[in-house]
Each structure stands twice: as C-alpha cells, then as structure tokens.
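Report on one structure; see the data block that follows.
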Amino acid sequence: MKSLLYSYERAADVIFSPDEKWLVINDAYGSNGADAILFKKVKSLKYKAITTLSDLAWDLLRKTNKRHKIPSYFGHNYTFAVFWSADSKAILLETFGHDDDTPKALAPWYCIYDLKTKKMSLDLNTFNRGTYYPDRTKARYLYKY
Numbered sequence: 002m003k004s005l006l007y008s009y010e011r012a013a014d015v016i017f018s019p020d021e022k023w024l025v026i027n028d029a030y031g032s033n034g035a036d037a038i039l040f041k042k043v044k045s046l047k048y049k050a051i052t053t054l055s056d057l058a059w060d061l062l063r064k065t066n067k068r069h070k071i072p073s074y075f076g077h078n079y080t081f082a083v084f085w086s087a088d089s090k091a092i093l094l095e096t097f098g099h100d101d102d103t104p105k106a107l108a109p110w111y112c113i114y115d116l117k118t119k120k121m122s123l124d125l126n127t128f129n130r131g132t133y134y135p136d137r138t139k140a141r142y143l144y145k146y
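Residue numbers (the numbering used here): 2 to 146.
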C-alpha cells in the first residue's frame, strides 16, 4: 500500500537513519533556501513529521558566534542533513547562506542534532557514539560510500 509522506514540487532528498526509525527530508524550496525536516516512524511505512531542524541549527550558529553578529536571516538560507550517526541517535547538519545585496555570507558550518536531548550541539562525541564494532559483520554500515 502506498502512503504519501510529503508533498511538494521541488528538489528533495531523503536520508534514513541506520535503524530506519527516523528519516530526514532535505527540502530545497527554491533557489533561496532549504530545510531539513525530521520524521519519526510510527509504524511500518508511516512516518510523522517531528520538527524542522533548520531554525535550531541557525539559532545555535548565532549563539556560538556572537562575536561575528551573524544575521538572523540571509537572503538565501540552507540547512541540509548530511549523515546519520551509527547508532541512529544523532544527525550531522550543514548550514550555509548568503545575501544578494551585501557581501555577507556563511560558508558551510556543521552542527549535530541529538534525538535524545532534542538539542543541537557541536559535540562530535554525540555523533560518534556507536561507531566501534568489535565484529564488523554486525555493523549496520561501515562506510558512507
């Protein structure tokens, strides 16, 4: 049975967590922005939207870079989910942006969303949990490529 998860007329990517209990849709809503939207599996092929991770990523960026006075909004804002942690409990996000009318820009900046705490962080330990496998035959996946 087919089930519509998300509807739009633009480019999007889907990234499933290794345990397939979560997914993120990278929704590129035109040339001026993209959001990473987190979904949780409800049952079989049904997933429920939980939150948009983009605002959380941009909030952490501004909070941790007060010295640079990052604008609250660029003309072009992008946040993409890049890769799930091995234990499916965190996801790496890439955020970047620029203005058309000013020279202001943000080169790719990375942060991690922790599903347990429901918070963004810069703590790579959170992301690297569950990466060591004493027996590689039990690893869900070993390489991104």
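Built from N, CA and C at the ideal position, the CB exists for glycine as well. Since the structure is predicted, the reported quantities are computational estimates derived from the model, not experimental observations.
Listed in chain order, the alpha helix (DSSP H) runs fully inside the segment 28-74 are 54-65, counting runs of at least 4 residues.
The three-state reading of DSSP puts Thr96 in strand, counting E and B together. Only exposed fits Ala50, as fewer than 16 other CB atoms lie within 10 angstroms of its CB. Secondary structure of Thr103 (DSSP, three-state): coil.
Residue environment analysis places Leu46 among the exposed positions, since fewer than 16 neighbouring C-beta atoms fall within 10 angstroms of its C-beta. Residue state for Leu24 is assigned as strand, using DSSP reduced to three classes. Apart from sequence neighbours up to five positions away, no residue of its chain approaches Pro104 with a beta-carbon distance below 8 Å. Comparing C-alpha distances from Leu93 to each of Ala37, Ala13 and Lys22 shows the shortest one belongs to Ala37. By the Cβ neighbour-count rule, Gly98 is buried, with 16 or more other Cβ atoms within 10 Å of its own. Lys119 has no beta-bridge partner at all, per DSSP. Per DSSP, reduced to three states, the secondary structure at Asn78 is strand.
Bounds of the beta strand (DSSP E) holding Ala13 are Ala13 to Phe17.
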